[in-house]
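A.B. asks: Residue numbers (my numbering), protein chains in the order written: chain R, 1 to 421; chain D, 1001 to 1089. This is the structure I want to talk about, given as structure tokens.
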Amino acid sequence: MRFLGTRYSAAALVRHALSGAAWPPAWRSPQPKSSYDVIIIGGGGHGLATAYYLAANHGVTNVAVIERAYIGSGNVGRNTTLVRSNYLLAGNTQFFEYSLKLWEGLSQELNYNVMLSQRGQVVLAHDPLQLDGLARKGNIMRLNGIDAELLDRGEVMRMLPYLDYSPRARFPILGGMLQRRAGTVRHDAVAWGYARAASGFGVDILENCEVTGFERNGSRVTGVKTSKGSIAAGRTAICVAGHSSVLAAMAGLRLPIESHLLQAFVTEPIKPFVDHVISFGAELFYISQSDKGGLVFGGHIDGFNSYTQRGQFPRVQTVAECAVALMPSISRLRLLRHWGGIQDMTPDGSPFICRTPLEGLYFNGGWCYQGFKATPAVGACFAHTIAHEEEHPLVRHLSLERFRQANGHDEYGLGNWTYKQ
Amino acid sequence: MLKIACPGCGVRNYTEFRYAGDANKVRPAHQVRDLGEWYDYVFLFDNPKGPHREYWQHVLGCRQWLVVERDTATNTVQGTRFARDGGGE
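Have a look at this one:
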């Protein structure tokens, strides 16, 4: 790979330590050019990954990533850093496994340590039906060559001895499913690593540059209006999950999306305690421990449209109740921080990676709870979609038109807009 | 905490209410057979960042349906009225 900056290595570390020379910035901060082959709106994980794979896989390097604030300020830095590929539905299973495989080689590929920690994820079952469902999902995963192990209650007790197995447990634990290759990634490093690698290929990353509209020629999008002036583009890609509807409205499009607020939480740091990622089966709740020692967890969305990026207190309480129902021993831990991110919610819980009704305009969004783990696969598949002007085979089921065709992609089999019910 | 002033019960925490979505949507007439209109009604949303007119039901209070004007960027509530008085679809 061609880097304009310094390649990171042990030798480079020694060289810099001995010489005292300053490390160059990880990515360039250029002035906008008047035109690009591809403009990607949104400098989050997805936008930066798309830029990187456009350059690395398709040789498209005359690319700009336009970011309203600074790299890593949005959802790529607000998630709970989990990666996994335990999905049931055909299409999802293969897509998320492709993503996990890319995660497994990402530090080497980017020459940037994203600190992938494959500590394993256990999804708990609290009734026989759930355990049967996990067995079915695990079998589907294994048929697709993905690792999955069904655990009985005793195995869960040995692996996660600190959960509540007492007769008083509100939701008795009957077993679970383990994916050993699942785990966590340092999310900031993902943004920085992709930014650095894309910049190394000549991609311009334009921070503090807000898109305010689109340049149009009939039904064709020919560029963007920004706070730093108009920039022409052969192809334009929207990569701003959370604010997709706002950008789409600038292009005159309405989307099957509502924006909702999801909170995440971290406790004060404690000694190593939770060695895995654990997902509660009785409610939407997931927990892991960061390298700094804080327990990182999250739950449901707040429950009404919002762009505020500030959570409501009642959700703090319900998520904390989940934590204590599962692990009574952490009841006296103090919360260090909690924060909110805005996510696109879609009717079927699945995202969009596709062309749009406008020529030259491409769309990636609608990520619901699952955007972070998909980052590398989104980058690769969206770059393919833009470069070939046709959807990548792994994302053909993720079109904007699927609801018009009564062809939703409903992983949980619960029907449309379930989060509203 | 988001507070909503119910015209019947006064100012209450939002947790007493159930959010019920965009109040600007117009439900197609029952006999409409154009699936495009139904698609639009069920699936497409303006989802604005800013003023939004929306339904809430006061499920843990008077159980009345309300039309609330709220700014989705700040959660500021500009106005609340009974849906039965109009102002919805």
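Every residue gets a Cβ at the ideal spot worked out from N, C-alpha and C, and that includes glycine.
Whose C-alpha, out of R:273, R:247, R:53 and R:298, is nearest the C-alpha of residue 266 of chain R?
C.D. replies: Taking the first residue of the first sequence as 1, we reach residue 266 of chain R at position 266. When only C-alpha atoms are compared, the closest one is R:298.
A.B. asks: Quick one: does residue 258 of chain R have its CB under 7 Å from some CB of chain D?
C.D. replies: As a position in the first sequence, residue 258 of chain R is number 258, starting the count at 1. By this cut-off, residue 258 of chain R is an interface position.
A.B. asks: At what residues does the alpha helix (DSSP H) containing residue 140 of chain R begin and finish?
C.D. replies: Reading the first sequence from its first residue, position 140 is the one you call residue 140 of chain R. 128-143 is the span of the alpha helix (DSSP H), which, as asked, contains residue 140 of chain R.
A.B. asks: With C-beta atoms as the reference, is residue 348 of chain R less than 7 Å away from residue 244 of chain R?
C.D. replies: Counting from 1 along the first sequence, the entry for residue 348 of chain R is found at position 348. Counting from 1 along the first sequence, the entry for residue 244 of chain R is found at position 244. Cβ atoms of residue 348 of chain R and residue 244 of chain R: not closer than 7 Å.
A.B. asks: Around the Cβ of residue 399 of chain R, are there at least 16 other Cβ atoms within 10 angstroms (buried) or fewer (exposed)?
C.D. replies: One-based indexing of the first sequence puts residue 399 of chain R at position 399. Flag for residue 399 of chain R reads buried.
A.B. asks: Where does residue 143 of chain R land, buried or exposed, given buried means 16+ other C-beta within 10 angstroms?
C.D. replies: In the first sequence, the residue the question calls residue 143 of chain R occupies position 143. When all chains shown are included, residue 143 of chain R counts as exposed.
A.B. asks: Flag this pair as yes or no: are the beta carbons of residue 214 of chain R and residue 157 of chain R separated by less than 7 Å?
C.D. replies: The residue labelled residue 214 of chain R in the question sits at position 214 within the first sequence. The residue labelled residue 157 of chain R in the question sits at position 157 within the first sequence. No, the Cβ-Cβ distance between residue 214 of chain R and residue 157 of chain R is not below 7 Å.
A.B. asks: Counting Cβ pairs, one atom from each stretch, are 3 or more of them under 8 Å apart for the stretch 245-264 of chain R and the stretch 1044-1057 of chain D?
C.D. replies: Enough Cβ pairs lie closer than 8 Å, so yes.
A.B. asks: For the stretch 196-211 of chain R and the stretch 38-58 of chain R, state whether three or more C-beta atom pairs, one from each stretch, are separated by less than 8 Å.
C.D. replies: Yes, the stretch 196-211 of chain R is in contact with the stretch 38-58 of chain R.
A.B. asks: Report yes if the C-beta of residue 373 of chain R is less than 6 Å from at least one heavy atom of the ligand ADP; otherwise report no.
C.D. replies: Of the ligands one can find in the structure shown there are none, so the ligand ADP has no counterpart to examine.
A.B. asks: Between the stretch 89-108 of chain R and the stretch 68-76 of chain R, do at least 3 Cβ pairs fall closer than 8 Å?
C.D. replies: The stretch 89-108 of chain R is not in contact with the stretch 68-76 of chain R.
A.B. asks: Please report the residue range of the alpha helix (DSSP H) in which residue 159 of chain R lies.
C.D. replies: Indexing the first sequence from 1 puts residue 159 of chain R at position 159. 153-159 is the span of the alpha helix (DSSP H), which, as asked, contains residue 159 of chain R.
A.B. asks: Using CA atoms only, rank isn't needed, just tell me which of R:363, R:411, R:273 and R:155 is closest to residue 239 of chain R.
C.D. replies: As a working note, residue 239 of chain R is residue 239 in the first sequence. Closest option to residue 239 of chain R, Cα to Cα, is R:363.
A.B. asks: Taking the alpha carbon of residue 288 of chain R as the point to measure from, which residue in R:183, R:126, R:417 and R:146 has its own alpha carbon closest?
C.D. replies: Your numbering for residue 288 of chain R matches position 288 in the first sequence. For residue 288 of chain R, the nearest C-alpha among the options comes from R:183.
A.B. asks: Give me the chain D residues within the contact set of residue 420 of chain R, using Cβ-Cβ distance strictly less than 7 Å, ordered along the chain.
C.D. replies: As a working mapping, residue 420 of chain R is identified with position 420 in the first sequence. Going along chain D in sequence order, the residues near residue 420 of chain R (Cβ under 7 Å) are 1021.
A.B. asks: Which residues, taken in chain order from the stretch 303-330 of chain R, show a beta carbon closer than 7 Å to some beta carbon of chain D?
C.D. replies: Correct list: 303, 304, 305, 306, 307, 308, 312, 313 and 314.
A.B. asks: At the level of alpha carbons, what is the spacing between residue 150 of chain R and residue 241 of chain R?
C.D. replies: For this step, residue 150 of chain R is matched to residue 150 along the first sequence. For this step, residue 241 of chain R is matched to residue 241 along the first sequence. Computed Cα separation, rounded: 34 Å.
A.B. asks: Between residue 1043 of chain D and chain R, is the shortest Cβ-Cβ distance under 7 Å, so that the two count as touching?
C.D. replies: Walking along the second sequence from the start, residue 1043 of chain D turns up at place 43. Closer than 7 Å: yes.
A.B. asks: Would residue 278 of chain R and residue 293 of chain R qualify as a contact pair, given that the criterion is a beta-carbon distance under 7 Å?
C.D. replies: Position 278 of the first sequence holds residue 278 of chain R. Position 293 of the first sequence holds residue 293 of chain R. Not in contact: residue 278 of chain R and residue 293 of chain R (Cβ atoms no closer than 7 Å).
A.B. asks: Below 7 Å on C-beta distance, what does residue 240 of chain R contact in chain D?
C.D. replies: Translated into positions along the first sequence, residue 240 of chain R becomes position 240. Correct list: empty, because the minimum Cβ distance to chain D is about 11 Å.
A.B. asks: Alpha carbon to alpha carbon, how far is residue 388 of chain R from residue 64 of chain R?
C.D. replies: As a position in the first sequence, residue 388 of chain R is number 388, starting the count at 1. As a position in the first sequence, residue 64 of chain R is number 64, starting the count at 1. Distance between the alpha carbons of residue 388 of chain R and residue 64 of chain R: 18 Å.
A.B. asks: Does the beta-carbon of residue 373 of chain R have 16 or more other beta-carbons within 10 angstroms, so that it is buried, or is it exposed?
C.D. replies: The residue labelled residue 373 of chain R in the question sits at position 373 within the first sequence. By the neighbour-count rule (16 or more Cβ atoms within 10 Å), residue 373 of chain R is buried.
A.B. asks: For the candidate residues D:1078, D:1085 and D:1086, whose alpha-carbon lies nearest to that of residue 1052 of chain D?
C.D. replies: Reading the second sequence from its first residue, position 52 is the one you call residue 1052 of chain D. That would be D:1078, whose Cα lies nearest to the Cα of residue 1052 of chain D.
A.B. asks: Does residue 246 of chain R come within less than 7 Å of chain D when only Cβ atoms are used?
C.D. replies: In the first sequence, the residue the question calls residue 246 of chain R occupies position 246. Yes, contact with chain D.
A.B. asks: Compare the beta carbon distance of residue 49 of chain R and residue 194 of chain R with 7 Å and say whether it is the shorter of the two.
C.D. replies: For this step, residue 49 of chain R is matched to residue 49 along the first sequence. For this step, residue 194 of chain R is matched to residue 194 along the first sequence. In contact: residue 49 of chain R and residue 194 of chain R (Cβ atoms closer than 7 Å).
A.B. asks: For residue 204 of chain R, count neighbouring Cβ atoms within 10 angstroms of its own Cβ and tell me buried if that reaches 16, exposed if not.
C.D. replies: Here the question's residue 204 of chain R lines up with position 204 in the first sequence. Buried: at least 16 other Cβ atoms inside 10 Å.
A.B. asks: On the three-pair Cβ rule with 8 Å, is the stretch 23-37 of chain R touching the stretch 354-369 of chain R?
C.D. replies: No: fewer than three Cβ pairs fall under 8 Å.
A.B. asks: Return the residues of the stretch 332-351 of chain R that lie within a Cβ-Cβ distance of less than 7 Å from chain D, sorted by chain order.
C.D. replies: Listed by position, the residues of the stretch 332-351 of chain R near chain D (Cβ gap below 7 Å) are 347.
A.B. asks: Using alpha carbons as the reference points, say which of R:314, R:10 and R:367 lies closest to residue 1016 of chain D.
C.D. replies: Mapped onto the second sequence, residue 1016 of chain D falls at position 16. Answer by Cα proximity: R:314.
A.B. asks: Give the straight-line distance between the Cα atoms of residue 216 of chain R and residue 355 of chain R, rounded to the nearest whole angstrom.
C.D. replies: Within the first sequence, numbered from 1, the residue matching residue 216 of chain R stands at position 216. Within the first sequence, numbered from 1, the residue matching residue 355 of chain R stands at position 355. Roughly 16 Å between the two C-alpha positions.
A.B. asks: Mind checking the stretch 1048-1065 of chain D against chain R and listing, in chain order, the residues whose C-beta falls within less than 9 Å of any C-beta there?
C.D. replies: Residues 1048, 1049, 1050, 1052, 1054 and 1056.
A.B. asks: Name, please, each residue of chain R whose Cβ falls closer than 9 Å to the Cβ of residue 1080 of chain D.
C.D. replies: Counted from its first residue, the second sequence places residue 1080 of chain D at position 80. Correct list: empty, because the minimum Cβ distance to chain R is about 14 Å.
A.B. asks: Give me the Cα-Cα distance between residue 96 of chain R and residue 210 of chain R, rounded to the nearest whole angstrom.
C.D. replies: Stepping through the first sequence from its first residue, residue 96 of chain R is reached at position 96. Stepping through the first sequence from its first residue, residue 210 of chain R is reached at position 210. When rounded, the distance between both Cα atoms is 31 Å.
A.B. asks: Is there contact here, the stretch 1024-1038 of chain D with the stretch 322-339 of chain R, by at least three beta-carbon pairs under 8 Å?
C.D. replies: Touching, no.
A.B. asks: Using 7 Å as the limit for Cβ to Cβ distance, is residue 403 of chain R near chain D?
C.D. replies: Residue numbering aside, residue 403 of chain R sits at position 403 when the first sequence is read from its first letter. Interface residue, yes.
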